[in-house]
Every structure is written in structure tokens, then in C-alpha cells.
Amino acid sequence: MLLLSGCWDRSEINDVAFVLSTAVDLEKDGKIRFSVLVPLPGKMGGPGGGGGGGGTGGEKSYYIDSEIAETFREAQMKLQKRMSRRMFLAHRRTILIGENFAKNIGIQSIFDGTPRSPESRMSTYLIIAKGYAYDLLDASPRFERFPSEAIRELAKDHTVADMNMKDVGLPLSSSIGDPVAVYMDIKKSQKGEKPSKEVEVKGYALFRGDKMIGTLENEEADGYSWLHNWNIKGSASFKVEGEHTVTIKIFDTKTRIKTRINNGRIDYSIHSDARAKLLEDRSFFDLSQTKNVNEVEKAAADHVKKCIQAFLDRSIKTSTDPVQLGAFVWRAYPEQWEQAFKGEWPQAMKDASFSIHVETKMMDTGLIYENVTKRRDEK
1 MLLLSGCWDR SEINDVAFVL STAVDLEKDG KIRFSVLVPL PGKMGGPGGG
51 GGGGGTGGEK SYYIDSEIAE TFREAQMKLQ KRMSRRMFLA HRRTILIGEN
101 FAKNIGIQSI FDGTPRSPES RMSTYLIIAK GYAYDLLDAS PRFERFPSEA
151 IRELAKDHTV ADMNMKDVGL PLSSSIGDPV AVYMDIKKSQ KGEKPSKEVE
201 VKGYALFRGD KMIGTLENEE ADGYSWLHNW NIKGSASFKV EGEHTVTIKI
251 FDTKTRIKTR INNGRIDYSI HSDARAKLLE DRSFFDLSQT KNVNEVEKAA
301 ADHVKKCIQA FLDRSIKTST DPVQLGAFVW RAYPEQWEQA FKGEWPQAMK
351 DASFSIHVET KMMDTGLIYE NVTKRRDEK
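In C-alpha cells form, the structure reads like this:
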């Protein structure tokens with residue numbers, strides 16, 4: 001027993017401040033604002049009584065503070081000087097980056113200080129905030145106790161690509177492709193007695209290199225997700241026969257991309273298979289009839305094709321390659337890639353041709369085939 005060293009490096013839980021999320025913003029003078037969200041155990045309640053919850057009313061059960069400095073670590077050390085507990089980053093699940101920082105400084109610096117610390121994880125979600133990241137960190141969602149938890153749940157939800165720091169950083173270490181990150185904003189709840197500031201997913205932040213140059217939203221965001229084979233489960237509304245609106249849920253999309261070079265021009269062949277479930281039918285179709293189901297499937301395929309084309313148009317316009325289309329050329333034609341395309345990529349995408357073919361299979365129409373109030377004598 002005398003030879004045992006004991007727990008010489010122990011940290012008492014009462015001496016640790018568990019950081020759940022951090023936010024990075026760019027100040028007007030060019031310095032960095034570093035913000036942290038830390039839970040307050042004394043305000044969280046326990047088995048013996050009630051307790052405040054940030055999203056359920058009452059006093060907030062978390063604490064947000066920030067500091068300004070030249071670097072992230074310098075700002076963190078300044079914060080530590082006024083905290084009685086040592087900040088612990090191993091429980092951090094989200095890193096929020098302000099839009100101004102992402103556009104002017106770039107995200108490459110994030111991939112130095114964060115992986116360098118043994119407490120940090122590359123599985124942490126990297127989120128781009130519209131406006132200031134501090135404001136997103138200070139949201140007041142009703143369903144979660146901490147804003148950071150609402151942000152994390154939305155980031156890992158299958159309505160957007162499940163991208164962590166590693167997924168965002170890999171394109172930066174490659175000569176082919178540009179990063180994309182989940183893009184979020186704050187939206188005030190409507191028609192409520194006590195409006196709350198809810199976190200909302202807007203789409204994706206689009207980068208050229210490590211600097212943000214724009215966003216992918218709505219059809220462009222869906223097109224990116226489907227083309228990149230992210231397993232998202234989003235809903236889509238479109239018109240059948242140009243008149244009636246139908247809403248479906250696409251829960252599985254598999255996309256294959258092939259490339260050929262003809263007379264010095266790149267030809268891409270994109271084939272996408274999608275499975276869907278009918279959510280709402282404003283057309284009053286009798287979906288027990290195969291021909292009507294085929295009409296809905298055709299309209300759904302046209303919608304998916306439209307979204308993919310919208311994303312490709314956006315990529316060409318911004319000279320970015322988020323899905324690494326250049327890698328398909330490099331793998332199939334390495335010599336021609338090095339000689340003719342590598343030096344001009346992704347600008348060379350504007351001269352490429354894209355053939356898009358989509359097949360959609362309606363797997364489920366719900367518990368009914370048609371509107372239950374439809375008269376039997378209607379056709």
C-alpha cells in the first residue's frame with residue numbers, strides 16, 4: 001500500500017466546469033470573441049425538488065460568458081481567470097462559427113487549436129450561424145434545457161447531413177473539393193403568449209477553400225444532400241400535372257455518378273434512385289390505381305431532378321465543388337486530370353455536361369388510397 005501513488009492527478013467534479021458548446025465571432029477591430037456555455041448544477045434541480053430549466057421557464061440553468069483576444073486559447077485563458085472551476089471541453093458537442101468570421105477569417109484556424117487539445121473531439125458538430133454565433137448560443141428553445149442541446153439534436157437530425165468536424169475538414173486537406181457545413185439561424189416562435197427564440201436549420205454554408213462565400217438553401221440544399229448520398233429524410237412538395245400539390249417524404253436516396261471524357265469535354269451521368277412515402281395528396285387521386293401512382297412518382301422524380309440541377313447550377317456559378325465531382329475525373333482519367341483539368345478546377349465545371357436520370361418509387365401511401373370524403377360518383 002505504501003508504494004501506491006494514489007489518484008495524484010484527480011479532478012473533483014465540484015472543481016470542473018463542463019463546457020457544452022463554444023462560439024467564435026469576429027469583432028469589428030479584427031479580434032476574436034470566444035464564448036462558452038456552461039451548465040449550472042445548482043440551478044438544474046434534483047430528486048428532491050423542482051429546478052429551473054432553460055427551455056421550460058424559470059431561471060436559466062446555464063451560464064454564458066465570452067472574452068475577446070487575438071487567439072482562441074488566449075480568450076479561453078482570460079475566461080478561466082474569472083471562473084472558480086476549471087473549464088473541461090471533453091463534453092463539448094457543438095462549435096458555432098459566426099458568419100462574419102467564416103467569411104473573412106475562414107475556418108482553417110479552427111482545425112489547429114481544437115484537435116491539438118486532448119479534450120476536444122473531431123466528432124463535435126461544426127455549425128455556421130447566420131449573424132453572430134453568440135446570438136445562436138443564447139437562443140431560448142422550449143423543448144431543451146440547454147440551447148446547445150437543441151443545436152446538437154438538429155445537427156444530427158436526418159433532415160440535414162450529419163456532418164461533424166472531420167467531415168467538414170477533410171475537403172480542406174484535399175486539392176479536390178470544397179467544404180460545406182450546416183447553417184443555422186434563430187427564429188422567433190409565432191402566435192405564442194411568450195415568444196421564444198428557436199433554433200432553425202436554414203441549409204448549408206458553402207465554402208471556397210476555407211472561407212464561406214454563400215449558402216445552399218431549399219432546393220439547392222436538397223439537391224446537394226441527394227447528390228452527395230447523405231441519408232436525409234426530408235419532405236418535398238410539388239405539383240402533379242401542373243395543378244395539384246402533393247407532399248411526400250423521401251427517406252432513402254442512392255445516387256451513382258459516372259464520368260466520361262469526349263473530345264476534351266467532361267460528361268457526367270447521374271442516376272438517382274429514391275424511395276418515398278406519401279404524406280398529403282391535394283389532387284384527390286385514387287392511388288389504388290397504378291396509373292395515378294405512376295403520375296405521382298413521375299412528378300416526384302422531376303422534383304428531385306430539379307433540385308439536383310439547382311445545386312449544380314449553384315456550384316458552377318460560384319466555382320465550387322462540394323461533392324468532389326473532380327475526384328470522379330481524377331479516378332477514371334488520372335493522366336488527363338493532371339494535364340488538362342487539375343489546374344483549372346473547379347472553374348472547368350462550366351464546360352462539363354450533366355445528364356440526370358431519377359427514378360422514384362412510392363413505397364407507402366398511408367392508411368387510405370384517396371380522400372375519405374370523396375363522393376363515390378366522382379371520377
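Under full-length UniProt numbering, the first residue of the sequence shown is numbered 1, with each subsequent residue one higher.
By construction, the Cβ of each residue, glycine as well, lies at the ideal position given by its N, Cα and C atoms.
A quick note: this is a predicted structure, and the numbers were derived from the prediction, not measured.
Contact set for residue i: own chain, Cβ-Cβ below 7 angstroms, skip 5 residues either direction
i    : result
N104 : L26
E67  : F34, A75, K78, L79
E346 : A quick correction: the sequence has Pro, not Glu, at residue 346. Excluding sequence neighbours, P346 sits near S319, T320, D321, G326.
G48  : Residue confidence for G48 is low, a pLDDT of 43 falling below 50, so the modelled location carries little weight; the figure read from the coordinates is stated next. Cβ neighbours of G48 beyond the five flanking positions: none.
C-alpha gap between residue i and residue j, whole angstroms
i    : j    : result
E219 : I232 : 14 angstroms
K350 : R331 : 20 angstroms
F146 : G242 : 45 angstroms
Q309 : E149 : 34 angstroms
E280 : T22  : 40 angstroms
L20  : G366 : 40 angstroms
I368 : V246 : 15 angstroms
F354 : E70  : 46 angstroms
R282 : F238 : 10 angstroms
D286 : H228 : 34 angstroms
A161 : S225 : 7 angstroms
I176 : Q324 : 6 angstroms
Candidates the options: closest to residue i by CA position
i    : options                : result
E12  : V240, R85, D273, W337  : R85
K305 : G98, H91, T255         : T255
V329 : G264, F251, I151, S117 : G264
D284 : A276, V296, S196       : The displayed chain sequence assigns Phe, not Asp, to residue 284. Nearest C-alpha to F284: V296.
I97  : R33, A340, L325, Y369  : R33
H303 : K194, I110, K202, H357 : H357
M184 : D222, D135, L227       : D135
D252 : D222, R260, D210, S269 : D222
M87  : D65, A205, A102        : D65
A299 : T360, K130, G106, A102 : T360
Beta bridge counterpart(s) of residue i as assigned by DSSP
i    : result
I128 : I97, Y183
N262 : R265
L37  : S21, I64
Cut-off 6 angstroms between Cβ atoms - residues of its own chain near residue i, not counting five sequence neighbours on either side
i    : result
N100 : L26
T114 : S120
Residue environment, residue i, which counts as buried when at least 16 other CB atoms sit within 10 Å
i    : result
D321 : buried
T373 : exposed
F207 : buried
D178 : buried
R314 : buried
P195 : exposed
Minimum Cβ-Cβ distance from residue i to chain B less than 7 angstroms
i    : result
Y369 : Absent from the structure is chain B; it holds one protein chain and no more.
Contacting residues, own chain, Cβ-Cβ under 8 angstroms from residue i (five flanking each side not counted)
i    : result
Y125 : R93, T94, I95, I151, R152, A155, K156, M163, N164, M165, V182
K28  : none
T159 : V201, I232, K233, G234
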